[in-house]
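Respectively, the protein sequence lines represent chains S and P.
The numbering of the first sequence is numbering that gives the first Met the number 0, which starts it at 0 and goes up by one.
The numbering of the second sequence is numbering that gives the first Met the number 0, which starts it at 0 and goes up by one.
What follows is a short report on a single structure.
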Amino acid sequence: MTAIVGGAPARIAPPVQGRQVVLTVIATAFLGGFAWSWLSLDMSLLSFFSGLGDVRSLVGRMLPPDFSDWRNVLSATLETLWMALIGTFVSAVVCVPLAFGAARNTTPHPAVRLVCRGFISLTRAVPEIILAALFVFVLSIGPLPGVLAIAIHSIGMIGKLFADAIEQAQPTPKEAVLSVGARRFQTTISSILPQALPSMIATAMYRLEINIRASSVLGLVGAGGIGFVIQGALRSLDYQAALAAVSMVFVLVTMIELLSSRVRQSLLGENTNILAVRRESAWSRRMVMRDAALNRGAAEEKRLSPPWTSERLLRSGSAVIAAIFIVVAFILVDMPLLGALPKYPDLVRVLGDLFPPDFSTARDELIKGMRESVQIAFVATGLGLFVAFPLAVLASRNIVVRRAVVLGTRIVLLLLRGIPELIVAVIFVSAMGLGPVPGTLALTIVTATFAAKLFADALEEVDPSPREALIAVGASRKQEFVSAVLPQALPAILGQVLYVLDVNLRSSTVLGIVGGGGIGFLLLGSMRVLEYETTGAIVISIFVIVYAIELVGSLVRRLLR
Amino acid sequence: MTSSPWGSDSGAAVSVASLSKRFPNGTLALDDVSFDVPEGQVLALIGLSGSGKSTLLRILNGLHRPTGGTARVLGVEVGGARGAQLRDVRRHVGFVFQQFGLVGRATCMENVLMGTLGRVRGPRLGVRTYPVALRREALDQLERVGLASAAFQRADTLSGGQMQRVAIARSLMQHPALLLADEPVASLDPESSAQVLELIGRIAREDSRTVICTLHQVELALGWSDRIVGLQAGRLVLDRPATELSLDSVMEVYRRTGGEAPVETPQLQTA
Ligand SMILES: Nc1ncnc2c1ncn2[C@@H]1O[C@H](COP(=O)(O)OP(=O)(O)OP(=O)(O)O)[C@@H](O)[C@H]1O
Ligand SMILES: [Mg+2]
Numbered sequence: 000m001t002a003i004v005g006g007a008p009a010r011i012a013p014p015v016q017g018r019q020v021v022l023t024v025i026a027t028a029f030l031g032g033f034a035w036s037w038l039s040l041d042m043s044l045l046s047f048f049s050g051l052g053d054v055r056s057l058v059g060r061m062l063p064p065d066f067s068d069w070r071n072v073l074s075a076t077l078e079t080l081w082m083a084l085i086g087t088f089v090s091a092v093v094c095v096p097l098a099f100g101a102a103r104n105t106t107p108h109p110a111v112r113l114v115c116r117g118f119i120s121l122t123r124a125v126p127e128i129i130l131a132a133l134f135v136f137v138l139s140i141g142p143l144p145g146v147l148a149i150a151i152h153s154i155g156m157i158g159k160l161f162a163d164a165i166e167q168a169q170p171t172p173k174e175a176v177l178s179v180g181a182r183r184f185q186t187t188i189s190s191i192l193p194q195a196l197p198s199m200i201a202t203a204m205y206r207l208e209i210n211i212r213a214s215s216v217l218g219l220v221g222a223g224g225i226g227f228v229i230q231g232a233l234r235s236l237d238y239q240a241a242l243a244a245v246s247m248v249f250v251l252v253t254m255i256e257l258l259s260s261r262v263r264q265s266l267l268g269e270n271t272n273i274l275a276v277r278r279e280s281a282w283s284r285r286m287v288m289r290d291a292a293l294n295r296g297a298a299e300e301k302r303l304s305p306p307w308t309s310e311r312l313l314r315s316g317s318a319v320i321a322a323i324f325i326v327v328a329f330i331l332v333d334m335p336l337l338g339a340l341p342k343y344p345d346l347v348r349v350l351g352d353l354f355p356p357d358f359s360t361a362r363d364e365l366i367k368g369m370r371e372s373v374q375i376a377f378v379a380t381g382l383g384l385f386v387a388f389p390l391a392v393l394a395s396r397n398i399v400v401r402r403a404v405v406l407g408t409r410i411v412l413l414l415l416r417g418i419p420e421l422i423v424a425v426i427f428v429s430a431m432g433l434g435p436v437p438g439t440l441a442l443t444i445v446t447a448t449f450a451a452k453l454f455a456d457a458l459e460e461v462d463p464s465p466r467e468a469l470i471a472v473g474a475s476r477k478q479e480f481v482s483a484v485l486p487q488a489l490p491a492i493l494g495q496v497l498y499v500l501d502v503n504l505r506s507s508t509v510l511g512i513v514g515g516g517g518i519g520f521l522l523l524g525s526m527r528v529l530e531y532e533t534t535g536a537i538v539i540s541i542f543v544i545v546y547a548i549e550l551v552g553s554l555v556r557r558l559l560r
Numbered sequence: 000m001t002s003s004p005w006g007s008d009s010g011a012a013v014s015v016a017s018l019s020k021r022f023p024n025g026t027l028a029l030d031d032v033s034f035d036v037p038e039g040q041v042l043a044l045i046g047l048s049g050s051g052k053s054t055l056l057r058i059l060n061g062l063h064r065p066t067g068g069t070a071r072v073l074g075v076e077v078g079g080a081r082g083a084q085l086r087d088v089r090r091h092v093g094f095v096f097q098q099f100g101l102v103g104r105a106t107c108m109e110n111v112l113m114g115t116l117g118r119v120r121g122p123r124l125g126v127r128t129y130p131v132a133l134r135r136e137a138l139d140q141l142e143r144v145g146l147a148s149a150a151f152q153r154a155d156t157l158s159g160g161q162m163q164r165v166a167i168a169r170s171l172m173q174h175p176a177l178l179l180a181d182e183p184v185a186s187l188d189p190e191s192s193a194q195v196l197e198l199i200g201r202i203a204r205e206d207s208r209t210v211i212c213t214l215h216q217v218e219l220a221l222g223w224s225d226r227i228v229g230l231q232a233g234r235l236v237l238d239r240p241a242t243e244l245s246l247d248s249v250m251e252v253y254r255r256t257g258g259e260a261p262v263e264t265p266q267l268q269t270a
């Protein structure tokens with residue numbers, strides 16, 4: 000050793016770092032939570048596998064799907080799409096002013112920022128299906144309560160991501176526009192909006208993807224869409240008709256997901272860098288050249304408006320198509336927006352009736368339900384991750400060399416993700432009866448596919464140069480994976496584990512609505528008997544748990560950075 | 000204090016008296032600076048990094064507020080101006096930034112048109128939201144900076160020198176009585192730098208506009224400007240007609256570091 004160390008004894012183990020302590024504490028807490036949940040839910044591998052057997056025999060009875068009632072199924076599927084579209088659109092429109100108020104660089108006043116931020120995060124507090132159930136009680140059955148629930152709940156994510164996009168806008172153009180004497184509002188529209196717009200549209204598309212899933216389950220509580228059809232078929236034991244409806248959901252969800260990811264890719268991956276253009280297809284290169292020629296020509300002719308380049312055509316065309324779809328949605332959905340006007344005060348009243356929350360009447364059931372929800376979330380997360388990790392490795396292009404394996408895994412993941420979790424849960428409950436086991440099982444399967452996709456993305460983002468260095472010293476593929484890939488991907492993956500747990504906690508609180516265990520059952524029950532104060536207590540408890548997990552998550556992410 | 004040959008107030012586009020600026024974090028960026036700039040003069044402002052050049056220009060455009068002294072721009076005391084009055088001064092003062100300040104996703108024409116936002120009312124997004132007469136003028140200004148053919152190209156497809164020329168065209172849309180330029184060529188290669196400086200100089204002389212421009216390349220400043228003002232640690236240490244100065248005497252500004260020099264004075268990189 001060098002003399003710099005002085006008299007200190009040479010150490011051969013690295014000093015313990017705060018990071019490692021944090022990691023150990025989290026891992027222990029997570030494993031402890033898992034073990035406790037597993038034991039108290041009376042889970043056993045046996046019940047698990049027998050459950051899967053029940054599901055298999057139910058799926059056997061579902062085949063072949065029966066499309067004889069296809070008119071009804073199709074119109075319910077379209078209603079699902081229209082509901083998601085309207086809900087997302089309304090939410091995005093509401094979020095524009097909210098986000099400009101919430102972004103540091105555009106807010107008129109810090110106090111406004113605080114209020115907007117607070118409102119945005121509050122809207123996420125209650126799961127949409129619970130909002131929908133509440134609204135159904137006030138506004139009666141139909142798509143309107145579903146659309147309202149989607150619109151309100153989406154504000155949380157859309158508003159947050161819109162504000163982030165605005166804050167990421169470069170400050171120099173804003174200063175430049177201010178310096179010519181423009182007003183604040185003009186400056187924001189001319190210099191910040193164009194920078195944030197692509198990312199805002201991508202956010203709305205992504206949320207539409209999520210909302211399609213949501214609107215296909217809202218029917219379970221009577222809030223319109225295909226979920227109603229699925230539940231009706233299962234209740235009347237018409238399993239083949241149920242599968243027909245489920246397969247329509249699957250087609251809709253998968254189609255929208257493919258469309259949205261394509262659009263988002265072209266919005267966000269767009270790059271005017273020549274190198275990036277060169278990598279694109281010959282056709283797109285031709286378009287770029289054609290556009291450049293059009294632009295030059297227009298300038299030479301001293302035209303005063305931009306020419307119709309393919310880029311501009313594409314942009315305007317998509318805008319027009321989107322507008323048509325939204326208008327069609329508003330026309331076709333049976334949604335008495337104005338007819339329901341006299342009922343809106345009731346809506347506010349019911350929301351007011353949640354207060355003051357009454358924790359005492361159903362105290363024991365409340366505690367039991369909450370505990371069960373948390374346990375379901377832990378078990379589903381633990382088991383799901385166990386399955387997700389190997390799947391993720393198989394789905395990573397930079398780890399598995401065989402393209403067919405990667406592609407096959409990715410397709411399986413995409414297909415499995417096509418059925419929303421509450422629908423999986425409904426089917427499992429039909430197969431295995433009421434209780435936490437079918438709910439856990441359903442959530443586990445959904446977690447596995449969801450987390451596998453997230454992990455695969457994290458693995459693919461790993462910097463390749465350390466890997467090459469290890470291969471250069473003669474490491475085996477396994478050694479290289481453990482020493483170069485894992486440590487790089489670990490922080491991202493840990494962050495995602497927390498995120499998955501967060502998502503599962505939210506989900507496990509609503510599983511009970513379809514009889515899958517947890518607090519959701521009590522929630523629906525309290526609404527049925529109009530004990531809104533108890534409903535309020537449950538909603539607040541859910542909010543507290545979800546919020547606590549979110550806080551822990553962001554704290555840990557900061558510590559790991 | 001160095002005596003100034005331009006002492007009189009009459010016809011001064013800019014008049015700065017005992018100007019100081021202390022930032023909330025305690026940094027004293029400007030310390031008792033006084034000078035006048037008569038109309039039509041091209042003034043080069045030089046000094047080490049951190050000497051307060053940007054702060055001075057930003058105060059003149061109301062982007063910072065002084066903590067002491069006065070700064071009159073086109074007859075208005077900008078330190079006390081707010082709202083409509085401040086916007087009115089800004090409307091007549093062009094500002095060229097080192098980082099151009101273009102909206103990359105917008106076309107060059109739209110960026111140039113943004114120079115009129117102080118005159119037109121209401122929010123504008125897209126070239127077609129501006130009146131035809133302004134669009135025609137924007138094309139003329141782009142032609143003047145030699146970029147008419149790029150009018151409908153997105154600004155982020157241009158080179159740095161071209162972007163700065165678009166930014167200058169945007170300032171020209173203001174018909175500015177005073178042009179402030181903060182290191183307009185610092186992120187450009189030598190050839191583009193020469194082009195851009197030549198452009199600013201030509202504009203100043205053809206329309207007899209007042210220009211205050213901060214520069215790092217001293218030898219460029221000498222041949223280009225009428226007058227050179229040097230700042231050091233927030234204090235005015237040099238103020239002479241460019242013709243009376245030699246390169247060596249200007250370099251003094253970069254060499255002498257008084258007792259109140261910034262703590263982390265960087266190594267001098269000769270321009
Ligand atoms: N917003 C601010 N808050 C606090 N201190 C600032 C701020 N802006 C500038 N300063 C400080 O004021 C001093 C002068 O900065 P200024 O940017 O005016 O220097 P400059 O001469 O333009 O330097 P350069 O040549 O690097 O652009 C510096 O010490 C800087 O750190
Ligand atoms: Mg500066």
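Beta carbons: idealized from backbone N, C-alpha and C, even for Gly.
Notebook entry, point to check: From what residue to what residue does the beta strand (DSSP E) around Ile577(S) run?
Noted result: Because chain S in this structure spans residues 0 to 560, residue 577(S) falls outside the shown range and cannot be described.
Notebook entry, point to check: Beta-carbon separation of Phe118(S) and Ile165(S) under 8 Å?
Noted result: The answer is no: Cβ separation not under 8 Å.
Check: Along the chain, which unbroken stretches of the alpha helix (DSSP H) at least 4 residues long are found entirely within the segment 114-140 of chain S?
Finding: List check, alpha helix (DSSP H) in window: 127-138.
Margin query: Can you tell me whether Phe48(S) is buried or exposed? The criterion is at least 16 other CB atoms within 10 Å of its CB, across all chains shown.
Written below: exposed
Next item on the list: For Lys301(S), name the three-state secondary structure that DSSP assigns.
Entry: For Lys301(S), the secondary structure class from DSSP, reduced to helix, strand or coil, is coil.
Note to self: Any heavy atom of ligand 1 inside 7 Å of the beta-carbon of Gly49(P)?
What the structure shows: Placement of the Cβ of Gly49(P) at a distance of less than 7 Å from at least one heavy atom of ligand 1 is found.
Checklist line | Enclosing alpha helix (DSSP H) for Asp363(S) [first to last residue] | finding: Arg362 to Leu393
Margin query: Using only CA atoms, which one of Leu412(S), Val502(S) and Arg466(S) lies nearest to Ile611(S)?
Written below: No statement about residue 611(S) is possible, as the shown extent of chain S runs from 0 to 560 and does not include it.
Next item on the list: Just tell me which of Arg557(S), Val405(S), Leu554(S) and Val545(S) has its CA closest to the CA of Leu121(S).
Entry: Val545(S)
Check: Do you know whose CA, among Arg201(P), Leu246(P) and Glu205(P), lies nearest Ala286(P)'s CA?
Finding: Past the boundaries of the shown model lies residue 286(P); chain P is included only from 0 to 270, so the question cannot be answered.
Item checked: CA-to-CA distance, Ile375(S) to Ala547(S), given in whole angstroms -> 17 Å
Notebook entry, point to check: When the cut-off is 8 Å and only beta carbons count, does Ser186(P) lie next to chain S?
Noted result: No, no contact with chain S.
Note to self: Given 7 Å as the limit, tell me if Ala28(P) has its C-beta closer than that to any heavy atom belonging to ligand 1.
What the structure shows: Yes.
Notebook entry, point to check: Going straight from the alpha carbon of Arg112(S) to that of Pro172(S), what length do you get?
Noted result: 22 Å
Next item on the list: Using a Cβ-Cβ cut-off of less than 8 Å, list which residues of the segment 48-77 of chain P approach chain S; keep chain order.
Entry: Asn60 and Leu62
Notebook entry, point to check: Can you give the beta carbon distance from Leu574(S) to Ile426(S), rounded, assuming they're within the 8 Å contact cut?
Noted result: There is no way to answer for residue 574(S), as the model of chain S reaches only from 0 to 560.
Note to self: Going by DSSP in three states, Glu467(S) sits in which element: helix, strand or coil?
What the structure shows: Under the three-state reduction of DSSP, Glu467(S) is assigned to helix.
Next item on the list: Could you name the residues of the same chain whose beta carbon sits closer than 8 Å to that of Asp501(S), not counting the 5 residues immediately before and after it, in chain order?
Entry: Sequence-distant partners of Asp501(S) (beyond 5 residues in either direction) whose C-beta falls short of 8 Å from its own C-beta, in its chain, are Val545, Ile548, Glu549 and Gly552.
Check: Distance, Cα to Cα, Lys342(S) vs Ala243(S)?
Finding: 35 Å
Next item on the list: Check whether the Cβ atoms of Phe385(S) and Phe454(S) lie closer than 8 Å to each other.
Entry: Cβ atoms of Phe385(S) and Phe454(S): not closer than 8 Å.
Margin query: Does the CB of Thr533(S) have a neighbour CB from chain P at under 8 Å?
Written below: no
Check: When the Cα atoms are used, what is the spatial distance from Leu350(S) to Pro344(S)?
Finding: 10 Å
Checklist line | Min CB distance Gly114(P) to chain S below 8 Å | finding: At least one chain S Cβ lies under 8 Å of Gly114(P).
Notebook entry, point to check: With C-beta atoms as the reference, is Leu116(P) less than 8 Å away from Ala102(S)?
Noted result: no
Next item on the list: Might you give, ordered along the chain, the residues of its own chain that have their beta carbon closer than 6 Å to the beta carbon of Ala379(S), omitting 5 neighbours on each side?
Entry: Thr439, Leu442, Thr443, Thr446 and Asn503
Item checked: Presumed contact (8 Å Cβ cut-off) between Met156(S) and Arg116(S), rounded CB distance -> Actually they do not touch by this definition, with Cβ atoms about 14 Å apart.
Margin query: Helix, strand or coil, according to DSSP, for Gly229(P) in the structure here?
Written below: strand
Margin query: Between which two residues does the beta strand (DSSP E) holding Ala43(P) run?
Written below: Val41 to Gly46
Note to self: Here's the rule: buried if 16 or more other CB atoms are within 10 angstroms of the residue's CB, otherwise exposed. What is Phe161(S)?
What the structure shows: Buried, since its Cβ has 16 or more Cβ neighbours within 10 Å.
Next item on the list: Give a yes or no on whether the minimum CB-CB distance between Gly117(P) and chain S is below 8 Å.
Entry: yes
Checklist line | Environment of Asn272(S) [buried if 16+ CB atoms lie within 10 Å] | finding: Reliability fails at Asn272(S), whose pLDDT of 36 lies under 50, so the model's placement of it is uncertain and the value that follows must be treated cautiously. Flag for Asn272(S) reads exposed.
Next item on the list: Determine, using beta carbons only, whether Phe134(S) and Ala148(S) come nearer to each other than 8 Å.
Entry: yes
Notebook entry, point to check: Where Lys159(S) and Arg226(P) are concerned, what is the direct C-alpha to C-alpha distance, given to the nearest angstrom?
Noted result: A straight line joining the alpha-carbon of Lys159(S) with that of Arg226(P) spans about 51 Å.
Next item on the list: Flag Ile200(S) as yes if its beta-carbon sits less than 8 Å from any beta-carbon of chain P, otherwise no.
Entry: no
Check: Using a threshold of 7 Å, is the CB atom of Asn24(P) nearer than that to any non-hydrogen atom of ligand 1?
Finding: yes
Notebook entry, point to check: Regarding Glu182(P) and ligand 2, is the C-beta to nearest heavy atom distance less than 7 Å?
Noted result: yes
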